[in-house]
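S.K.:
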Amino acid sequence: MKKIEVISDIRSFDLYKNKLILKKTDGSLYIEDRKFIFKGEAYIILENGSFCDIQKTQVDVYDNSFSHLTRIEKEDVIAVSRIPNTHYFSVRWENDNDDEFLSIYRDSKELIVYDYFIGVFLGLDYRIVFNDYAPTEIEVYHDIIEDKFLWSYTCPKGRKIEGNLYTYEGILVFIEKDDKAHTTLVGLDLQTGNILYKVAVGLINYRQQANKLYGFASNSFGDNTYLEIDITKGEVCEKSFPNYKRDVTGGLFTIKDDYLYYSIFKEGSIGVIDINKKEIIREEKLDIKEGVQIGAPVVTEDKIYILDSENVLHIYERDF
């Protein structure tokens with residue numbers, strides 16, 4: 437692959453509509469060639485390419501053109517997230533007694549305050565609450581403002597929920613893991629909590645594309661697993677690649693179009709799986725310094741972005 441650009445001192449990066457958003461090691465934020473000067477001591481990059489500037493008594497939210505979107509008047513804010521594709525914000529904050537709370541704002545208006553909880557919002561429709569950071573139980577509430585309790589689910593004894601939650605057309609999917617590292621795919625009806633399926637699987641981390649989950653992991657001893665899961669049916673297609681001996685950590689991959697791009701993180705290489713053929717079709721050593729590890733590739737229509745362990749962002753021309 438042809439290297440287009442190398443950018444040093446990058447802590448993290450994001451892309452929104454082909455705009456490159458860079459968080460640098462000195463704490464500064466760049467969107468393409470423009471630098472933003474913050475008033476507060478912390479900032480967070482939000483969904484949709486926006487970001488917020490957290491100050492002592494307020495939070496200012498900006499779009500990716502540095503235009504001011506809204507101001508949230510709240511003291512001692514710890515973190516902010518944006519509910520995808522909405523004007524709603526989740527704001528975590530603490531009071532003078534160090535008690536933590538979570539407020540929902542629509543633009544600058546506070547709508548509801550929760551005691552802080554471990555969990556997630558699924559759009560505006562559902563709030564999912566975990567009983568722990570290594571959860572064995574979840575509770576599901578409908579409508580994040582009305583907050584109507586719907587149902588709860590408890591893992592079988594000795595099991596806990598691992599990895600991310602996934603949803604598709606009213607189905608909630610997650611992975612259960614026991615103390616012997618056996619993993620099970622669980623599909624529940626999001627409205628009723630009814631169990632739709634439980635299927636043994638070999639991986640914890642996946643990427644979703646429409647109704648499919650994809651996963652891949654491998655090690656240098658020749659153990660490897662490629663998985664494709666149909667969320668609607670609970671059907672699992674599992675495959676291994678004989679004599680393939682590379683260290684590919686589950687989660688260091690990206691789905692783009694009909695391909696799964698993965699990082700061979702210790703070798704500074706990437707590989708590609710054709711998800712239609714279910715075959716590894718390409719592997720390429722990158723011109724990255726020996727011993728430097730790489731993160732998951734981020735793939736657009738024409739570029740591949742790789743951030744390495746020395747905070748260097750490598751940008752390549754995508755030719756496959």
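Take the sequence shown: its position 4, counting from 1, is numbered 440 in my numbering, and each next residue is one higher.
Using N, Cα and C, we set each Cβ at its ideal position, and we do this for glycine too.
1) Is glutamate 674 near threonine 661, with beta carbons less than 9 Å apart?
2) For isoleucine 480, I'd like the list of residues in its chain whose CB is within less than 6 Å of its CB, leaving aside the five on either flank, ordered along the chain.
3) Rounded to whole angstroms, what's the CA-CA distance from threonine 461 to asparagine 747? Just pull it up for me.
4) Quick one, which of Thr590, Lys648, Lys596, Leu586 has its alpha-carbon nearest threonine 628's?
5) Output the boundary residues of the beta strand (DSSP E) element that contains arginine 447.
6) In the DSSP assignment, what are the bridge partners of leucine 638?
7) Look at the alpha carbon of leucine 608 and the alpha carbon of threonine 619, and state the distance between them as a whole number of angstroms.
8) Go through its chain and collect everything with a Cβ distance to glutamate 468's Cβ below 8 Å, but skip five positions before and after it.
9) Taking 6 Å as the limit between beta carbons, can you name the residues of its chain near valine 622, skipping five residues before and five after?
10) Taking Cβ to Cβ, would you say lysine 739 is nearer than 9 Å to isoleucine 443?
11) Where does the unbroken beta strand (DSSP E) through glutamine 645 begin, and where does it stop?
12) Would you list the one or two residues that DSSP bridges to aspartate 659?
13) Going along the chain, which residues of its own chain have a beta-carbon closer than 6 Å to the beta-carbon of isoleucine 742, five neighbours each way excluded?
14) Excluding the 5 residues preceding and the 5 following glutamate 546 in the sequence, name in chain order all residues of the same chain whose CB lies nearer than 7 Å to its CB.
15) Under the three-state reduction of DSSP, which class applies to proline 600: helix, strand or coil?
16) In the DSSP assignment, the beta strand (DSSP E) including aspartate 693 goes from what residue to what residue?
17) Measure the alpha-carbon distance for tyrosine 602 versus isoleucine 706 and round it to whole angstroms.
18) Buried or exposed for lysine 471, going by 16 or more other Cβ atoms inside 10 Å?
19) Thinking just about the alpha-carbon of each residue, which of Gln645, Ala646, Pro678, Tyr642 is nearest to the one in phenylalanine 657?
20) Beta carbon of isoleucine 554, beta carbon of threonine 572: below 9 Å?
21) How would you write the range of the beta strand (DSSP E) that serine 526 sits in, first residue to last?
M.R.: Put simply:
1) The answer is yes: Cβ separation under 9 Å.
2) Once the five neighbours on either side are set aside, the close Cβ partners of isoleucine 480 are Cys488, Val516.
3) Per the coordinates, the alpha-carbon of threonine 461 lies some 8 Å from the alpha-carbon of asparagine 747.
4) Its Cα nearest to that of threonine 628, the residue Leu586 stands out among Thr590, Lys648, Lys596, Leu586.
5) Arginine 447 -> beta strand (DSSP E) spans 446-452.
6) Sequence check: residue 638 is glycine here, not leucine. Answer is none; glycine 638 lacks a bridge partner.
7) A direct Cα-to-Cα measurement between leucine 608 and threonine 619 gives close to 16 Å.
8) Result list for glutamate 468: Lys455, Leu456, in chain order.
9) Non-local C-beta neighbours of valine 622 in its own chain, meaning closer than 6 Å and more than five positions away in sequence, comprise Phe610, Glu612, Lys634, ordered along the chain.
10) No.
11) Taken as a continuous stretch (DSSP letters only), the beta strand (DSSP E) holding glutamine 645 covers 643-645.
12) Beta-bridge pairing by DSSP links aspartate 659 to no other residue.
13) Short of 6 Å from the beta carbon of isoleucine 742, and not among the five residues preceding or following it, lie these beta carbons of its own chain, in chain order: Ile730, Pro733, His750.
14) Ser539, listed in sequence order.
15) A small correction: the amino acid at residue 600 is asparagine; proline does not occupy that position in the sequence shown. Residue state, collapsed to three classes: strand.
16) If you look at aspartate 693, you'll find it isn't in any beta strand (DSSP E); DSSP assigns it neither H nor E.
17) Rounded to whole angstroms, the separation of the alpha carbons of isoleucine 706 and tyrosine 602 is 26 Å.
18) Under this definition lysine 471 is an exposed residue.
19) Per the Cα distances, Pro678.
20) If you check the CB distance, isoleucine 554 and threonine 572 do not come in under 9 Å.
21) Start and end: 524-530.
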